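Okay, so here's the structure we're looking at.
Numbering (this note's numbering), first residue to last: 17 to 577.
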C-alpha cells in the first residue's frame, strides 16, 4: 500500500508523446483513440440545452456517465504506458491525462492504493475546472457541486484501474465559493451511502424507457431481418439494405435466386438466411461447392448414382437434390459447373425431375435452388463455358451482394459482432477496438471481403492484451506508421522524424541536424524511455550493450566539447 502523503506527479513526457496531431486529415489521436479539441463554450451550450430540456438531475447523471466512460477508456493506458512503474506513478496516468486533455489541474493530497487487497482512499484538489467556468458563467454561483463530468471521469478511471467499483464525491467546489474543488474517492463498499452513489451511474428512468422502446423496435426489426442459425445478417449500409430487401421479397416465393458477388462477400450466409425466412425452413439446407468437386463426380454428387454406374459405385446413392427434397439446395461457384451437368440442371429447374447417373427412372424432387457465383455469366456464355438457356433460367431473380469496400457503414457492426464471437471462442475478454483501428478498417479496401475481415478480427483477438482494445497494428501488423505531430515539453506542436529515406533527409536538412546530433538524440531518448536500463535501450536500438555504452560515452564527450 502506498503512503498517505503521495509524491509529486511524475513527468508526463511519456503521455505527451502519445498525443498525435494529424493536421493533414483533421484528426487528433491519443494512443489510438480519436480525440477532439472542442470549445468549452460549445460544451457549455450543450450543458445549457440539457439543463433546459431534461432538468438538472438528469443532466448531472448523464454527464457523470459520459465522464465515467471516458475515464474507463483512459485507464487502459495506465499499465500500457507505465507497466514497470510504481503503482502511484501508474495511477497518475489518469490525473495527468485529465490535465493534458485540458479538463482540470489535479493536485494529489492523499492517495492510498492497494489493488490486490481492493483498498483505495484518495483526495485530490482541482483547480481551473472547465465545468465550474462554464456552469457559473451560465447559471451563477451554486449551492451544490457542478463538476459532474470530471467526477464521472475520476470514478470511471479509478474503477477500471482497481478492477472494482470505486467512486468519488466532490466534497468542495469552486462554483459554491470554495477556493478550489476537492474530491474524495473510496471503494464503493466503503461509502455509507454506496447505494445512492451507485444509482448516479445507473440508467435514468427516462433513459430506461427509451431503451425499452429501442428494444421493442430491435425485436420487431429482428423478425424482419434476414437470419439463419448463426443469427441475423449484419449490416446497415444502403447497399446491404438493398440486397436484404430483395432477399426478403423472394423468401416467401419459390423463385430460383441467383446470388452474385466477389469471393468472400457472404453468399452462403445470404442463401442460408433466405432458407431460414422461407416456408422451407424446417426442411434441409444443402450446400455444394461446384468448383470443389471433380468434373467426373459432380453429376453423381448432384443427381445421385445407381449401383454399378461407375467404378466404385457398389450401391445406389442419392444425390444432393434428393437429400434437399422439400428444402433448399445452394449451388456455389455455379460458373464452374461442366456443360453436361448444366444440361441436367436446366431440366431439374424446368421440370422438377432428376435422373440418377446410370439409371433410367426419373424422380420428382421439390427443391428450391439458390445459385451463387463470382463469375460473369454473360462473359461465360460468350466464351462458350456456360449455357445461355441456363443463364436466362437462373437470372430471373438476381441479387448482387456488394463487396465490403462498398459497405463501409457495415464494417463497424460486423467487426463488433466478430469480436464477440471470437472472444467467446478463444475465451478472451476484449473490450472493443481503438478509434485508430476502426479508422484503419474503414479505410482498408478489403480485397478478401467479409472472409478477410473475419480472419483479421480473429488475429486481433489473439494478439490483443487481455482487457485492452484491439489496436491497429494487431489487425494490420505490416501497416506502416505515419510520422505524427506530437506535443513537446513546452506544449508546442512538434513533428516526429518521418521513417522514409527521402522525407527523413529533407527533415534533417530543414532542422539543421547533423548525423552526430541525430545519433545523440536517439541514444538519449532510448535510454530515457528505458528508465536508464542500458540493456533495454540497446535492444530497442538493435545494438549490443557494449556498443551502446561506447556510443553513450561519445555523447558525453561531445557534450563536454
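Ideal Cβ placement from N, Cα and C applies to all residues, glycine included. Only a predicted model underlies this, so the values are computations on that prediction, with no experimental measurement involved.
Asked                                                                                                     : Found
Contact under 7 Å by Cβ, residue 184 with residue 167                                                     : yes
Per-residue DSSP class, three states only, for residue 306                                                : helix
Helix, strand or coil at residue 460 [DSSP, three-state]                                                  : coil
Assigned exposure category for residue 536 - 16 Cβ within 10 Å defines buried                             : buried
Residue 142 - containing beta strand (DSSP E), residue span                                               : 135-143
Cβ shell of residue 422 (< 6 Å), same chain only, five flanking positions each side left out              : 255
Stretch-stretch touch, CB-based, cutoff 8 Å, three pairs: the segment 295-303 with the segment 434-444    : no
7 Å Cβ cutoff, residue 56 in contact with chain B                                                         : No chain B is present in this structure, which holds just one protein chain.
Residues that residue 346 bridges to, as DSSP identifies them                                             : 303, 386
Euclidean distance between Cα positions of residue 316 and residue 392                                    : 26 Å
Whether residue 480 touches residue 488 by CB criterion (7 Å)                                             : no
Cβ distance (whole Å) where residue 172 is taken to contact residue 118 below 8 Å                         : Actually they are not in contact, since the Cβ atoms of residue 172 and residue 118 sit about 18 Å apart, beyond 8 Å.
Nearest candidate by alpha-carbon position, reference residue 146, set 30, 60, 216, 210                   : 60
Boundaries of the beta strand (DSSP E) in which residue 424 is found, first to last residue               : It is not in any beta strand (DSSP E) - residue 424 instead sits in the alpha helix (DSSP H) that spans 424-441.
Cβ-Cβ separation, residue 112 to residue 52 (assumed contact under 8 Å), whole Å                          : Between residue 112 and residue 52 the Cβ distance is about 19 Å, and since that is not below 8 Å, they are no contact.
Three-state secondary structure assigned by DSSP to residue 569                                           : helix
Distance, residue 475 Cα to residue 272 Cα                                                                : 37 Å
Residue 197, DSSP secondary structure in three states                                                     : strand
Three or more C-beta pairs below 8 Å linking the segment 406-414 and the segment 367-384                  : no
As assigned by DSSP and simplified to three states, the class of residue 36                               : strand
Residue 164, DSSP secondary structure in three states                                                     : helix
Residues that DSSP places opposite residue 373 in a beta bridge                                           : 321
Close Cβ partners of residue 545 (< 8 Å) along its chain, the five nearest in sequence each way excluded  : 30, 553, 556
Validate contact between the segment 354-363 and the segment 278-297 using beta carbons, cut 8 Å, 3 pairs : no
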